[in-house]
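Engineer:
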Amino acid sequence: MLVFRGIMACAVLMAASAAPAAVKVGERAPDFELTLIDGSKVRGNDLHGQVVVLNFWATWCAPCKTELPLLDTYYRLRKDKGLRVFAIATEDSLPVYKLKPLFAAIAIPSARRIKGPFAAMGALPTNYIIDRAGVVRHAKPGAFDLDDLNGLLVPLLRDPAP
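So the mapping is simple: the working numbering equals the position in the sequence shown, first residue as 1, plus 85.
(1) Nearest CA to the CA of threonine 120: which residue from Val239, Arg222, Leu139 and Asp157?
(2) I need the DSSP call for arginine 128, collapsed to helix, strand or coil.
(3) Starting from threonine 120, trace the beta strand (DSSP E) in both directions and tell me its first and last residue.
(4) For alanine 114 and threonine 211, what's the separation of their Cα atoms in angstroms?
(5) Can you tell me the Cβ-Cβ gap for isoleucine 214 and leucine 237, rounded? I've got them flagged as a contact below 8 angstroms.
(6) Along the chain, where does the beta strand (DSSP E) containing lysine 225 start, and where does it finish?
(7) Could you tell me which of Ala174, Arg161, Val220 and Tyr159 sits nearest to alanine 205, measuring between CA atoms?
(8) Can you list, in chain order, the residues of its chain whose CB lies under 8 angstroms from that of valine 220, leaving out five sequence neighbours each side?
(9) Note down the Cα distance separating valine 108 from glycine 207, rounded to an integer number of angstroms.
(10) What residues match up with isoleucine 173 in a beta bridge as DSSP calls it?
(11) State the start and end residues of the unbroken alpha helix (DSSP H) segment that holds alanine 147.
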């Protein structure tokens, strides 16, 4: 019983430390840096004036595999309106050399790493939406469907860039 309590205490502490405490809906997004699978870097501050979706996913995640093509189509149709979408592979996903072929036909940039407080929230996929002013508007685990995307992104894309 003592071992079980110890294991449970460790699990609670690990979950608490993994929570993105510095990322709060309604507040300015903390800075972050993405390392894309081609090795290039994108900083959050460089995306000011655009609507940004950060999508945490894994190759083994069935809802992620359904959501990525939807996000890709949505991005292709609205990137000229200032939408940026980044698919961030989790640590337990495939190695980078195996990810590259998966993203060859997808327009969404794929990241292999993110520096900053953004992280998956205990379930995949996890999505964050940042508006043109740099404010976090959405932070939740769970896959988007088309109604979610329209309800969350269309109003933000209508807003003019600051």
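For glycine and all other residues, C-beta sits at the position ideal for the given N, C-alpha and C.
Note that the coordinates shown come from a computational prediction; the quantities given were computed from them, not determined experimentally.
Structural biologist: Once the coordinates are examined:
(1) For the options Val239, Arg222, Leu139 and Asp157, the alpha carbon positioned closest to that of threonine 120 is the one of Leu139.
(2) strand
(3) Judged by DSSP secondary structure, threonine 120 falls within the beta strand (DSSP E) whose first and last residues are 118 to 121.
(4) About 16 angstroms.
(5) 6 angstroms
(6) 221 to 226
(7) Among Ala174, Arg161, Val220 and Tyr159, the Cα nearest to that of alanine 205 is on Ala174.
(8) Gly111, Glu112, Arg113 and Ala114
(9) 15 angstroms
(10) Beta-bridge pairing links isoleucine 173 to Phe141 and Ala196.
(11) 147 to 163
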